[in-house]
Amino acid sequence: MTVESDEPAWKQRAVERSLRTAKERAGQRVQKFLDAAQSIIVEKGTTDFTVQEVVERSQQSLRSFYLQFDGKHELLLALYEDAVVRMTGQIRAATENGSAPLEQFRLAVELLYELCQPDPAARRPLFTEFAPRLLISHPVEVRIAHASLFDLFTELLERVDESGHLRAGGDPRRLASMTMQTVMFIAQPASTDTHDHRITATEVWEFCAHGLTR
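Residues 1 to 214 (UniProt numbering) make up the sequence shown, in order.
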């Protein structure tokens, strides 16, 4: 059942245009804050910065910042979600090469490990500083932020299952979750140094493969 509005059509259109314009402007303000924070992270190589620094770099007001974000945590979360989406795109592109499903999944595991590792040149503190803290303090937010990556890993493992290489009774969704968490944890600084020898992407894949495939 359709409920008709008493307001004239011209007025409804005017309101819709006004709301659309306001939404676009809000989006632009948000992006300026995100760009400012990202540039500071790249310069410092750390997520150790203040909201005031972001406000000054973005050339906007503190009031405007708090209209868009609850605080620094929410800003970092937005940056992290964006970074995960971009990383997922990189991994998807790398696995769309027509190779066998198991080979595609190997590429995904190794690339995820490499992209989450500390790299002074790339400066990825969102993965090496913020993500570990987020995993402990805000597990629900982690699941939301990792949604695109989780969907990709599930998709790849479903292909592995269809090809007959997944272990008997293996659930692609549960195995995707466990694989992601394992790889991202091993990539953290405290986990990658063993007797002065850094764990390699190949070693990570072999570790995961023996628990997933036959």
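The C-beta atom is built at its ideal place from N, Cα and C for all residues, glycine as well.
Nearest to residue i (by Cα), restricted to the options the options
i, options, result
"E114", "F130, T200, R20, A26", "T200"
"I186", "A26, F207, I144", "F207"
"A209", "F105, R159, E96, E158", "F105"
"M178", "Q188, S163, L157, E24", "L157"
"K73", "S148, E141, S18", "First, the amino acid is wrong: residue 73 is His here, not Lys. Of the listed residues, the one whose Cα sits closest to H73 is E141."
"M184", "L112, T154, P172, L107", "L112"
"L152", "V85, R198, N97", "V85"
"Q59", "T154, P8, R29", "R29"
"R143", "G169, H165, R173, D161", "R173"
"Q31", "R124, R13, Q68", "Q68"
"R63", "N97, G89, A26", "A26"
Span of the alpha helix (DSSP H), counted from its first residue to its last, around residue i
i, result
"R63", "62-68"
"H73", "72-95"
"R133", "131-137"
"F127", "Run containing F127: none; DSSP gives neither H nor E here."
"E158", "147-162"
"A176", "172-186"
"S58", "51-58"
"L166", "Counting along the chain, L166 falls outside any alpha helix (DSSP H), and DSSP gives it neither H nor E."
"E7", "No alpha helix (DSSP H) holds E7; DSSP gives it neither H nor E."
Sequence-distant residues of the same chain with beta carbon closer than 8 angstroms to residue i, five excluded per side
i, result
"L126", "I41, T47, L76, L79, Y80, A83"
"E203", "none"
"E24", "none"
Residue i versus residue j - alpha carbon distance
i, j, result
"M87", "F150", "12 angstroms"
"A37", "L135", "21 angstroms"
"D70", "V51", "11 angstroms"
"E103", "I91", "13 angstroms"
"F33", "P139", "25 angstroms"
"T95", "L166", "18 angstroms"
"R57", "V109", "36 angstroms"
"R133", "R13", "46 angstroms"
"G98", "L107", "12 angstroms"
"A131", "E155", "23 angstroms"
"G89", "S148", "9 angstroms"
"C116", "R124", "8 angstroms"
"R17", "A145", "31 angstroms"
"A93", "A9", "46 angstroms"
"G45", "L19", "38 angstroms"
Whole-angstrom C-beta distance between residue j and residue i, which should lie under 8 angstroms
i, j, result
"T128", "Q181", "The pair is not a contact, with the Cβ atoms about 16 angstroms apart (cut-off 8 angstroms)."
"S163", "P101", "5 angstroms"
"G170", "D161", "7 angstroms"
Short CB-CB distance (under 7 angstroms) between residue i and chain B
i, result
"F153", "Of the protein chains in the structure, only one exists, and it is not chain B."
Neighbourhood of residue i by C-beta, 7 angstroms cutoff - its chain only, sequence neighbours within 5 removed
i, result
"E7", "none"
"E53", "I40"
"W205", "R106, V109, E110"
"S137", "none"
Cutoff 6 angstroms; reference residue i; Cβ partners in own chain excluding five residues on either side
i, result
"V55", "L62, F65"
"H197", "none"
"R159", "P101"
"E43", "none"
"F49", "I40"
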